[in-house]
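Written out below as structure tokens is the structure these notes cover.
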Amino acid sequence: MVQSKTEIRKQILSIRGSIDQVQKEVLNQKIIRQILSLPYYCTAGTVMVYLNAPDEVQTTEIAQHILQSGKRLIVPYCGTGEIVPHEIFDLQNDIAIGKFGIREPRADHRKPISSKDIDFILVPGVAFDREGNRIGFGKGYYDRFLPMLRSDVCIAGLAYSFQIVERIAVQEHDYKMSLLITENGVIYPG
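Positions 39 to 228 (this note's numbering) are the ones given, in order, by the sequence shown.
Dropping the structure here:
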């Protein structure tokens, strides 16, 4: 029998919260190496990445790499109840702590862009299965946003390997990932 999303969410968040910082940093570095070697990332001109919460896969270093490599860095702003993509030019000056304690574009530095401009996106999640299904925090932000992207955009879920579960019960509105990136490698669904 497939566990409910609520049960999976509770179980994975408990595990994720128990990992110490040193171990988490080792895992994060392996995930960053996976991202940097992906052709989808290497050829993308505009990359959208979430700004991580403390227990999520860390994205600050990859965001810095995006800026340093001359790519456009796009981050989500969720203050309106929906994801609005915004371009960021400086991680120090363009970011503030916002809703839910998550880093987001500062009000005076917001530059919204069209979702159609995004070439590659890194998506957070509480859990994923090998078919590319995702469990978030249950608010549906990404499930509503991802269909607005171009059909050729690579949608990559970022996760630690323990966040990959056997099977997630899906609903009509759930949106699949193109691939999953963990410290152990890239998983291509299907």
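Glycine included, each C-beta is placed from N, C-alpha and C at the ideal position.
Using beta-carbon positions only, say whether residue i and residue j come within less than 8 Å of one another.
{"i": "Val161", "j": "Tyr180", "result": "yes"}
{"i": "Ile206", "j": "Leu218", "result": "no"}
{"i": "Tyr79", "j": "Ile73", "result": "yes"}
{"i": "Ser153", "j": "Pro123", "result": "yes"}
{"i": "Glu120", "j": "Arg182", "result": "yes"}
{"i": "Ile225", "j": "Val191", "result": "no"}
Need the endpoints of the alpha helix (DSSP H) that residue i sits in, please.
{"i": "Leu51", "result": "Lys43 to Ser56"}
Along the chain, where does the beta strand (DSSP E) containing residue i start, and where does it finish?
{"i": "Glu142", "result": "Arg141 to Pro143"}
Decide if residue i is buried, meaning its Cβ has at least 16 other Cβ atoms within 10 Å, or exposed.
{"i": "Phe158", "result": "buried"}
{"i": "Gly55", "result": "exposed"}
{"i": "Ala134", "result": "exposed"}
{"i": "Gly300", "result": "A question about residue 300 goes unanswered here, because the residues of the chain that appear run from 39 up to 228."}
Return the bridge partner residues of residue i from the DSSP annotation.
{"i": "Val60", "result": "Paired residue(s): none; Val60 is not in a bridge."}
{"i": "Gly223", "result": "Thr220"}
Is there a C-beta anywhere in chain C that falls below 8 Å from the one on residue i?
{"i": "Glu125", "result": "The structure shown contains no chain C, having only a single protein chain."}
Complete alpha helix (DSSP H) runs within the segment 65-139 (minimum length 4 residues, chain order): 77-81 and 98-106
Quick check for students: name the residue ranges of the beta strand (DSSP E) that lie wholly in the segment 148-219, counting only runs of 3 or more. 158-161, 165-167 and 192-196
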